[in-house]
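Enquirer:
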Amino acid sequence: MRMHQSSPSPSPVGAIVNGDEAIVLANHHQQQQQHQQQQQQLQLIQAQAVAAAAAVLHQQQQQQQQQGQQPPQGPAPQVDRYCSDCDIRFSSTKTYRAHKQHYCSSRHRE
13 MRMHQSSPSP SPVGAIVNGD EAIVLANHHQ QQQQHQQQQQ QLQLIQAQAV
63 AAAAAVLHQQ QQQQQQQGQQ PPQGPAPQVD RYCSDCDIRF SSTKTYRAHK
113 QHYCSSRHRE
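In the numbering used here, the protein residues as written are 13 to 122.
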């Protein structure tokens, strides 16, 4: 009588895999390594871009500060908005000038 093995026995942990499985595992491992390297390269490129942008921003801020260190011109001298001829103080220079040009000059010509 012949005895057949009904099912293959489970392979122990760490057992050697057959050739096809070894190739698949090696390819998978290589792809994982390539993916990790690509991720690291991408992170490096992103970090370099952020550093470059920060350097440009810093340079722009320095230029603005240097321009801001010039002595201030001071406020523009305020034009008196009071018409002594009519005894009126105007709220804006624009209305004061319009008054002087159109109303006051024609009223006080005598």
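A virtual CB, placed ideally from N, CA and C, is assigned to each residue, including glycine.
By the 10 Å Cβ neighbour count, where 16 or more other Cβ atoms means buried, how is Tyr94 classified, buried or exposed?
Expert: Here residue 94 corresponds to residue number 82 of the sequence shown, with the count starting at 1. Under this definition Tyr94 is an exposed residue.
Enquirer: From Ala64 to Gln43, what does the alpha carbon distance come to, in whole angstroms?
Expert: As a working note, residue 64 is residue 52 in the sequence shown. As a working note, residue 43 is residue 31 in the sequence shown. If you take the alpha carbons of Ala64 and Gln43, they lie about 31 Å apart.
Enquirer: On the criterion of 16 or more Cβ atoms from any shown chain inside 10 Å, does Tyr108 qualify as buried, or is it exposed?
Expert: Numbered from its first residue, the sequence shown carries residue 108 at position 96. Buried, because 16 or more other Cβ atoms sit within 10 Å of the Cβ of Tyr108.
Enquirer: From Thr105 to Gln71, what does the alpha carbon distance come to, in whole angstroms?
Expert: The count along the sequence shown starts at 1 and reaches residue 105 at position 93. The count along the sequence shown starts at 1 and reaches residue 71 at position 59. Whole-angstrom Cα-Cα distance: 41 Å.
Enquirer: Any idea which residues DSSP pairs Ile100 with across the strands?
Expert: Here residue 100 is taken as the residue at index 88 of the sequence shown, counted from 1. Partner(s): Cys95.
Enquirer: Mapping DSSP to helix, strand and coil, what is Asn30?
Expert: Locating residue 30 in the sequence shown gives position 18, counting from the first residue. Note: Asn30 maps to coil in three-state DSSP.
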